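Everything in the sequence shown is counted per the UniProt record's numbering, starting at 1 for the first residue and increasing by one.
Glycine included, C-beta positions come from ideal geometry on N, C-alpha and C.
Note that the structure is predicted; figures quoted are calculated from it, not measured.
One structure is given below, encoded as structure tokens.
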Amino acid sequence: MFAGRDGARLSTHGVTILSESFTSRVDRLKSLADQGRVRRLRRGIEKEGLRVDGEGRIAATPHPAALGSKLTHPHITTDYSEALLEYITPVYCRPVDAMGFLADLHRFSYRHLDDELIWPASMPARLDGNDSVPIADYGRSNVGTMKHVYRKGLDLRYGRIMQSIAGVHYNVSLPDDLWQLLRELEGDLDTPLRDYRSSRYFGLIRNFRRHSWLLLYLFGASPALDRSFLPSGELPEKLQRHGEDTLVSRHATSLRMSDLGYQNKVQEQLKICFNSLSNYVNTLRHAIATPWQDYQKLGVKEGDEWRQLNANILQIENEYYSDIRPKRVARHDETPSQALEARGVEYIEVRCLDLNPFLPLGVDEPQIRFLDTFLMWCLLSESPWIPDDECDRLDDNRRLVVERGRDPELRLLQDGRHRSIADWGGEIFTEMVAVAELLDRLEEGEPHGEALAALSPRLDDPALTPSARLLARLESSGESFVEAMLGLAREQAQAFRDTPMDPSREALFDELVATSLAQQRDLEAGETEGFDAFLSRYFERAREVRAVTPLQTGETS
């Protein structure tokens with residue numbers, strides 16, 4: 001289907017005419033890469049996994065102390081629930097290094113989990129109602145209390161069951177010298193590098209929002225769930241029964257990303273279309289300062305007990321659900337938006353990826369190589385601003401693919417035309433070949449081109465997708481969702497327990513357990529301010545508009 005690095009670009013879906021500006025950007029960057037002037041992307045992985053007992057029920061036990069403090073450990077924490085492990089890798093230039101670190105985090109954990117397992121799927125294990133999902137407890141410090149109260153607010157607003165869903169978040173940044181090259185290639189030297197970088201990241205995000213349906217089709221892996229996920233007993237029209245305890249959606253790719261998963265009707269009114277950094281920051285700032293009547297009725301505080309951080313549209317910015325976010329590492333006295341406002345976008349976070357239950361880490365290197373190629377394609381392609389009418393229907397194609405992505409009759413809407421996934425996806429793949437050639441100039445071999453070639457058959461054959469493979473297993477074996485996932489969890493646990501860790505990394509993890517526990521103790525012992533005053537001061541600071549900071553070392557105007 002695809003030729004080699006410098007061969008002709010071929011596709012079973014026909015020839016695509018590439019835009020001159022896209023082709024020019026890629027070709028000139030290839031030339032600079034051959035001169036050694038282009039460096040690799042940088043990435044980090046955040047992977048969630050629910051702790052479960054040997055019967056496939058969500059764990060009721062506290063986060064293991066042997067894994068360190070979930071408040072202060074840099075690599076092992078929890079997300080919403082005490083049972084929802086979250087692993088965070090450092091930033092790496094090579095995907096294999098990020099994957100190796102992530103694998104050792106699993107190996108280290110399994111040395112301390114006794115008989116518990118890490119659930120391999122995005123949709124949760126067997127639940128027993130809302131209260132069976134324990135809210136994470138981060139200790140007595142003000143920061144820890146704020147994290148806990150925020151989660152109590154999520155329970156109050158949306159319930160805990162939705163918060164038991166797991167996924168993979170993929171963080172990617174381009175090196176500063178590549179931004180400088182792009183700015184020079186486009187003759188935009190009058191724009192400060194920081195502003196240029198932020199503007200181009202938002203262009204990437206707009207293209208991502210328009211085309212993220214492709215990732216959901218290729219990598220969606222949650223077409224089934226245990227019936228305990230819907231404790232009301234109601235059976236939505238989109239779901240059918242599979243045996244006594246499992247519900248499936250025959251053509252769905254990702255129930256996690258459907259209205260059964262992370263969706264919020266209140267937030268839909270925000271209309272964040274990612275046209276500019278100022279629009280994004282100002283919309284979020286408005287949301288965390290604007291009361292919402294239904295949340296006011298729930299109450300913020302009863303006596304000395306906090307029920308939620310506030311009664312606004314968003315308690316804090318992290319409550320905003322999106323399949324991609326612009327990010328900047330915040331300083332200790334900043335909110336995420338203030339960091340973005342002061343120093344611009346530093347990286348982007350992709351948030352729409354299901355765990356692939358057939359992969360021990362939920363993700364593998366070919367998927368990472370594909371994601372890198374897709375994101376660079378989003379960056380280098382033309383990305384006009386999103387007008388109001390497009391903003392209103394921005395998620396329509398995504399919603400269709402989530403619910404019916406493997407339906408051969410499905411058609412998506414592109415500029416007034418109805419197109420099949422195979423047709424439109426094939427066109428995108430054809431354009432991405434040139435980007436893969438660019439990225440492969442920085443590697444040994446052709447891993448990005450190979451990733452495209454390996455994934456391309458999924459466009460014509462939906463049976464090859466992870467969602468179809470999961471349904472096929474359930475149908476052929478007669479297993480329930482919990483039985484199938486429990487079998488995979490046991491296999492993966494044994495493999496992690498049987499393989500050795502990097503000795504230096506094991507020593508590092510042992511040290512981080514001790515230091516993280518000590519850091520939490522020191523934080524709690526040094527607390528001098530009451531929580532009410534702390535929270536009031538936090539939101540007072542959050543309302544401040546932060547001035548743009550001076551350019552950092554290495555940046556030019």
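Using only the alpha-carbon positions, how far apart do VAL435 and ILE348 sit?
As a first step, residue 435 is located in the sequence shown; it is residue number 435 there, counting from the start. As a first step, residue 348 is located in the sequence shown; it is residue number 348 there, counting from the start. Their Cα atoms are separated by approximately 19 Å.
query = For the beta strand (DSSP E) that contains GLN519, what are its first and last residues?
reply = For the purposes of this step, residue 519 is identified with residue 519 of the sequence shown, where counting begins at 1. Element bounds for GLN519: not the beta strand (DSSP E) but the alpha helix (DSSP H), 503–525.
Since LEU85 and GLY49 should fall inside the 8 Å C-beta cutoff, what is the C-beta to C-beta distance between them, to a whole number of angstroms? Here residue 85 refers to the residue found at position 85 when the sequence shown is read from its first residue. Here residue 49 refers to the residue found at position 49 when the sequence shown is read from its first residue. So it is a contact: roughly 5 Å between Cβ atoms.
| field | ARG351 in three-state terms, based on DSSP | value | What you label residue 351 is simply residue 351 of the sequence shown in a count that begins at 1. If DSSP states are grouped into helix, strand and coil, ARG351 belongs with the strands.
Report the residue from PHE108, MET376, GLU443 and GLY129 whose alpha carbon sits nearest the alpha carbon of PRO95.
For this step, residue 95 is matched to residue 95 along the sequence shown. For PRO95, the nearest C-alpha among the options comes from GLU443.
| field | ILE316, DSSP secondary structure in three states | value | Against the sequence shown, residue 316 aligns to sequence position 316. In the structure shown, ILE316 falls within a coil segment according to DSSP collapsed to helix, strand and coil.
DSSP three-state call for TYR80: helix, strand or coil? Residue mapping note: residue 80 aligns to position 80 of the sequence shown, counting from 1. Coil, per DSSP.
### Message
Is any non-hydrogen atom of the ligand NAP found closer than 7 Å to the C-beta of ASP259, if you look at the structure I gave you?
### Response
This structure does not include the ligand NAP; it has no bound ligands of any sort.
Mind checking which residues open and close the alpha helix (DSSP H) that includes GLU365?
-> Position 365 of the sequence shown, counting from 1, holds the residue named residue 365. If you look at GLU365, you'll find it in the alpha helix (DSSP H) that goes 365–380.
Check your understanding: Between ILE161 and VAL133, what straight-line distance do the alpha-carbon atoms span, to the nearest angstrom?
Key -> As a working mapping, residue 161 is identified with position 161 in the sequence shown. As a working mapping, residue 133 is identified with position 133 in the sequence shown. Between the alpha carbons of ILE161 and VAL133 lies a distance of about 7 Å.
C-alpha gap between GLU382 and ASP34, whole angstroms = One-based indexing of the sequence shown puts residue 382 at position 382. One-based indexing of the sequence shown puts residue 34 at position 34. Rounded to whole angstroms, GLU382 and ASP34 show a C-alpha spacing of 24 Å.
Ends of the alpha helix (DSSP H) at THR283?
For this step, residue 283 is matched to residue 283 along the sequence shown. Its alpha helix (DSSP H) spans residues 277–287.
Notebook entry, point to check: Nearest-angstrom Cα distance between GLY241 and GLU82?
Noted result: Counted from its first residue, the sequence shown places residue 241 at position 241. Counted from its first residue, the sequence shown places residue 82 at position 82. Note that residue 241 is Arg in the sequence shown here, rather than Gly. Their backbone Cα atoms lie some 30 Å apart in a straight line.
* Using the C-alpha atoms, what's the distance from ASP389 back to ARG210? -> Mapped onto the sequence shown, residue 210 falls at position 210. Mapped onto the sequence shown, residue 389 falls at position 389. Roughly 13 Å between the two C-alpha positions.
Exercise for the section: With a threshold of 16 other CB atoms inside 10 Å of the CB of GLY54, please say whether the residue is buried or exposed. Expected result: As a working note, residue 54 is residue 54 in the sequence shown. Counting Cβ neighbours within 10 Å, GLY54 comes out exposed, since fewer than 16 surround it.
Discussion item. By alpha-carbon positions, which one of ARG107, LEU452, THR430 and ALA342 ends up nearest to PRO366?
Written reply: For the purposes of this step, residue 366 is taken as residue 366 along the sequence shown, with counting starting at 1. The shortest Cα separation from PRO366 among ARG107, LEU452, THR430 and ALA342 belongs to LEU452.
* To do: Let me know if ASP104 comes out buried or exposed under the rule of 16 or more other beta-carbons within 10 Å of its beta-carbon.
  => Against the sequence shown, residue 104 aligns to sequence position 104. Burial call: buried.
Same chain only: Cβ atoms within 7 Å of TYR110, ignoring 5 sequence neighbours per side
Translated into positions along the sequence shown, residue 110 becomes position 110. Within the same chain, TYR110 has close Cβ partners ALA493, PHE496 and ARG497.
inquiry  = So, at 6 Å on beta carbons, what are the nonlocal neighbours of GLU341 in its own chain, with the 5 sequence-adjacent residues on each side left out?
reply    = Start at 1 with the first residue of the sequence shown, and residue 341 comes out as number 341. Answer for GLU341: VAL281 and ARG546, listed in chain order.
(request) Spell out the partners DSSP gives LEU225 in its beta bridges. (result) Counting from one through the sequence shown, the residue named residue 225 turns up at place 225. Residue pairing by DSSP places LEU225 opposite LEU247 in a beta bridge.
In whole angstroms, what separates the C-alpha of GLY303 from that of ASP155? For the purposes of this step, residue 303 is identified with residue 303 of the sequence shown, where counting begins at 1. For the purposes of this step, residue 155 is identified with residue 155 of the sequence shown, where counting begins at 1. Just so you know, the alpha carbons of GLY303 and ASP155 end up roughly 19 Å apart.
For HIS148: DSSP bridge partner residues
Numbered from 1 along the sequence shown, position 148 holds the residue referred to as residue 148. Within the DSSP secondary-structure output, HIS148 pairs in no beta bridge.
Can you tell me whether CYS93 is buried or exposed? The criterion is at least 16 other CB atoms within 10 Å of its CB, across all chains shown.
For the purposes of this step, residue 93 is taken as the residue at position 93 of the sequence shown. Classification for CYS93: exposed.
Reduced DSSP category for HIS418 - H, G, I as helix; E, B as strand; rest coil:
Stepping through the sequence shown from its first residue, residue 418 is reached at position 418. In this structure, HIS418 counts as strand in the three-state DSSP scheme.
inquiry  = Which residue wins for smallest C-alpha separation from ILE421, given the options VAL345, SER198 and ASN397?
reply    = By one-based count along the sequence shown, residue 421 stands at place 421. The shortest Cα separation from ILE421 among VAL345, SER198 and ASN397 belongs to ASN397.
- Range covered by the beta strand (DSSP E) that runs through VAL133: Position 133 of the sequence shown holds residue 133. Boundaries cannot be given for VAL133, as no beta strand (DSSP E) includes it and DSSP labels it neither H nor E.
Could you tell me if HIS75 is buried or exposed, where buried requires 16 or more neighbouring beta carbons within 10 angstroms of its beta carbon?
-> By 1-based counting over the sequence shown, the position of residue 75 is 75. Buried.
Looking at the strands, I want to know which residues DSSP matches up with ARG126.
The count along the sequence shown starts at 1 and reaches residue 126 at position 126. ARG57, per the DSSP bridge assignment.
Exercise for the section: Indicate whether LEU486 and GLY167 have their beta-carbon atoms separated by less than 8 Å. Expected result: If you number the sequence shown from 1, residue 486 lands on position 486. If you number the sequence shown from 1, residue 167 lands on position 167. Taking 8 Å as the cut-off, the Cβ atoms of LEU486 and GLY167 do not count as close.
**Prompt:** Can you list, in chain order, the stretches of the alpha helix (DSSP H) that have 4 or more residues and sit fully within the region 409–489?
**Reply:** Counting only runs of 4 or more, we get 421–440, 447–455, 457–460 and 466–477.
field: Test item: CB-CB of HIS148 and ASP137 under 8 Å
entry: On the sequence shown, residue 148 is found 148 positions in, with the first residue counted as 1. On the sequence shown, residue 137 is found 137 positions in, with the first residue counted as 1. Yes, the pair counts as a contact, with Cβ atoms nearer than the cut-off.
| request: Count the other C-beta atoms from every protein chain shown that fall within 10 angstroms of the C-beta of HIS418, then say buried if there are 16 or more, exposed otherwise. | output: The residue you call residue 418 lines up with position 418 of the sequence shown. The residue in question, HIS418, is exposed, as its Cβ has fewer than 16 Cβ neighbours within 10 Å.
### Task
Answer with yes or no whether the minimum CB distance from ILE288 to chain C is below 8 Å.
This model lacks chain C altogether; it includes just one protein chain.
| Since GLU302 sits in a beta bridge, which residues does DSSP pair it with? | For the purposes of this step, residue 302 is taken as the residue at position 302 of the sequence shown. Answer is GLU305.
Item to complete: Kindly list the residues whose CB is nearer than 8 Å to the CB of LEU394, restricted to its own chain and excluding five residues on each side of it in sequence; keep chain order.
Response: As a working mapping, residue 394 is identified with position 394 in the sequence shown. These residues qualify, in order along the chain: ARG209, ARG210, CYS273 and ILE386.
Quick check on DSSP: helix, strand or coil for GLU544? As a working note, residue 544 is residue 544 in the sequence shown. Coil.
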